[in-house]
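So the structure is just underneath, and the comments pick up after that.
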Amino acid sequence: CDAADASALAHFAAAKDVRAALSTFAGLLPEDKLAHPLHSDVLLRNVALSELWDPTATEAQMDEWSERSWFARRFFNDWPEMRKQWPVYETDRWFNTSLVTESPVLLMNGDVDPQTPLWSAEREARTILSASGATLLTWPDAVHFSAINTPVAGGGDPCGLTALAAFLSDPRRDGPAAAAWREPE
């Protein structure tokens with residue numbers, strides 16, 4: 103952990119106390135979704151502002167994007183000002199490259215996810231170079247955040263979360279994660 107890491111962690115610690123003010127989803131999602139342990143606006147903004155956001159985007163371009171969008175109209179228009187203050191990190195040599203690993207990889211995507219369309223997950227699964235292969239679980243009738251927004255079988259945990267836990271306990275390609283999905287009763 104170097105000084106830059108310590109600075110990022112300090113910002114993270116401070117930001118978690120003002121999460122409602124930072125929340126992209128404040129007022130859009132029920133509070134129980136915002137409080138979910140897998141949800142982090144700070145992590146979202148840290149990665150997005152450091153790796154995904156084009157700092158040269160003009161307000162006119164953002165307005166054009168919003169007009170062409172079905173869902174996220176003017177959703178990110180506060181990001182240019184935020185990026186000026188955010189402790190963005192420099193990308194490393196792994197940025198924008200295919201994943202090469204000896205480890206098994208699990209990808210999950212809802213088939214009706216408007217934010218991350220299924221075709222993008224399928225493309226990503228094909229580009230991963232893994233000795234064990236990449237497993238893509240496609241969830242019927244599920245939207246974004248597929249770990250928590252998947253069908254629930256028998257009143258238990260969401261199927262996506264169950265599959266993720268099964269994968270973490272036994273990540274073999276033919277392990278329990280691959281068989282975790284079943285039709286809700």
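In the numbering used here, each residue carries its 1-based index in the sequence shown increased by 102. Yeah, the Cβ is synthetic: ideal placement off N, Cα and C, and Gly gets one too.
Identity of the residues DSSP links to Met210 by a beta bridge: Indexing the sequence shown from 1 puts residue 210 at position 108. Paired residue(s): Leu239.
8 Å CB neighbourhood of Ala249 in its chain, flanking five on each side removed: Along the sequence shown, one-based indexing puts residue 249 at 147. For Ala249, where only same-chain residues beyond five positions count, the Cβ hits under 8 Å are Leu140, Met210, Pro260, Gly262, Leu263 and Leu266.
Residues near Ala227 in its chain [Cβ-Cβ closer than 6 Å; skip 5 each side]: Along the sequence shown, one-based indexing puts residue 227 at 125. Listed in chain order, the non-local C-beta contacts of Ala227 below 6 Å within the same chain comprise Leu209, Ala236 and Leu238, local neighbours out to five positions each way being set aside.
Spatial distance of Leu130 from Thr193 (CA atoms): Residue mapping note: residue 130 aligns to position 28 of the sequence shown, counting from 1. Residue mapping note: residue 193 aligns to position 91 of the sequence shown, counting from 1. Note that Leu130 scores a pLDDT of 48, beneath 50, so its modelled location is shaky and nothing firm can be said.
Val254 - DSSP class collapsed to helix/strand/coil: In the sequence shown, residue 254 corresponds to position 152, counting from 1. Strand at Val254.
For Ser232, three-class secondary structure by DSSP: On the sequence shown, position 130 is the one that residue 232 refers to. DSSP places Ser232 in strand when its eight states are reduced to three.
Thr203 in three-state terms, based on DSSP: Mapped onto the sequence shown, residue 203 falls at position 101. Three-state result, Thr203: strand.
Coil, strand or helix - Pro182 by DSSP: Position 80 of the sequence shown, counted from the first residue, corresponds to residue 182. Looking at Pro182 - three-state DSSP - the assignment turns out to be helix.
Rounded separation between Ala244 and Gln217 - CA only: Taking the first residue of the sequence shown as 1, we reach residue 244 at position 142. Taking the first residue of the sequence shown as 1, we reach residue 217 at position 115. Near 12 Å, if we compare the C-alpha coordinates of Gln217 and Ala244.
Where the alpha helix (DSSP H) containing Ala162 begins and where it ends: One-based indexing of the sequence shown puts residue 162 at position 60. Start and end: Glu161 to Arg170.
C-beta atoms of Pro219 and Pro273 nearer than 8 Å: In the sequence shown, residue 219 corresponds to position 117, counting from 1. In the sequence shown, residue 273 corresponds to position 171, counting from 1. Not closer than 8 Å, so no.
Neighbour-count burial assignment, Trp221, 16 or more Cβ in a 10 Å radius: One-based indexing of the sequence shown puts residue 221 at position 119. Burial call: exposed.
Pairwise C-alpha distance: Val254 and Glu153: Position 51 of the sequence shown holds residue 153. Position 152 of the sequence shown holds residue 254. Taking the CA atoms as reference points, Glu153 sits about 34 Å from Val254.
For Pro260: DSSP bridge partner residues: Residue numbering aside, residue 260 sits at position 158 when the sequence shown is read from its first letter. In the DSSP output, where bridge partners are listed per residue, Pro260 has Val254.
Local Cβ density within 10 Å of Leu151, reported as buried at 16 or more and exposed below that: In the sequence shown, counting from the first residue as 1, residue 151 sits at position 49. Buried, since its Cβ has 16 or more Cβ neighbours within 10 Å.
Whole-angstrom distance between Tyr191 and Val202, CA atom to CA atom: Walking along the sequence shown from the start, residue 202 turns up at place 100. Walking along the sequence shown from the start, residue 191 turns up at place 89. Each residue's Cα considered, the two are about 22 Å apart.
Buried or exposed (CB count within 10 angstroms, at least 16 for buried), Gly212: Here the question's residue 212 lines up with position 110 in the sequence shown. Note on Gly212: 16 or more other CB atoms within 10 angstroms of its CB, so buried under the neighbour-count rule.
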